[in-house]
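So the structure is just underneath, and the comments pick up after that.
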Amino acid sequence: MSGKNSKQFGVWIDSGQATVVGREDVDSGEFVVVGQATNAGQGSNSNENTANNAEQSLQLKFFKEISAFMQNAEEVHVTGTGITQEQFIHFLADTAQFKNTKTKESTSNHMGDEKLLEYITQQFN
Numbered sequence: 001m002s003g004k005n006s007k008q009f010g011v012w013i014d015s016g017q018a019t020v021v022g023r024e025d026v027d028s029g030e031f032v033v034v035g036q037a038t039n040a041g042q043g044s045n046s047n048e049n050t051a052n053n054a055e056q057s058l059q060l061k062f063f064k065e066i067s068a069f070m071q072n073a074e075e076v077h078v079t080g081t082g083i084t085q086e087q088f089i090h091f092l093a094d095t096a097q098f099k100n101t102k103t104k105e106s107t108s109n110h111m112g113d114e115k116l117l118e119y120i121t122q123q124f125n
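Its first residue numbered 1, the sequence shown is counted upward by one per residue in the UniProt record's numbering.
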């Protein structure tokens, strides 16, 4: 499902924030920022098991918030730092709504919205 007729999205993500871009006219048009999400992280906890469970719950909530911006996505390019983008791709693969979504990933440093729009446009052209 490649080309101009698929619903394409790009996501820049790290453990604390994400920016989602998508096509302005869904099937065509320029990429625009469609949403941003943040993961506040959890406070301190003396019990390691409880802290780990809280962290996983917050990450799941963060991933659900991001995916809410990508309704009916057919192609998603995920970029960012660290392993969070890999975890997000696994989340998409394990979610029924996104199981047939084609995903690609790359690693990049944090970039502003304009740079992200340029970068994602290059990935889909």
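Glycine residues also receive a C-beta, built at the ideal position from the N, C-alpha and C atoms.
If you count every other CB in all the chains shown that lies within 10 Å of the CB of Leu60, and 16 or more means buried, which is it?
exposed
Quick check on Ser108: buried or exposed, where buried means 16 or more other Cβ atoms within 10 Å of its Cβ?
exposed
Can you tell me where the beta strand (DSSP E) holding Ile13 begins and where it ends?
8 to 13
To the nearest angstrom, how far is it from the Cα of Met1 to the Cα of Glu74?
Below a pLDDT of 50, predicted positions are generally treated as unreliable, and Met1, at 38, falls in that range; the measurement from the model is reported next regardless. Distance between the alpha carbons of Met1 and Glu74 is about 7 Å.
Which residue wins for smallest C-alpha separation from Thr103, given the options Asp113, Leu116, Glu114, Phe88?
Phe88
With a threshold of 8 Å, are at least 3 pairs of Cβ atoms found where one atom belongs to the stretch 89 to 97 and the other to the stretch 114 to 121?
no
Checking 8 Å against the spacing of the C-beta atoms, do Ser57 and Phe98 come in under that value?
no
Please report the straight-line C-alpha distance between Trp12 and Asp25, rounded to a whole angstrom.
In this structure, the CA atom of Trp12 is about 21 Å from the CA atom of Asp25.
Minimum length 3: unbroken beta strand (DSSP E) runs contained in the stretch 30 to 117:
Residue ranges of uninterrupted beta strand (DSSP E) with 3 or more members, entirely inside the stretch 30 to 117 and ordered along the chain, are 31 to 38, 75 to 80, 102 to 107.
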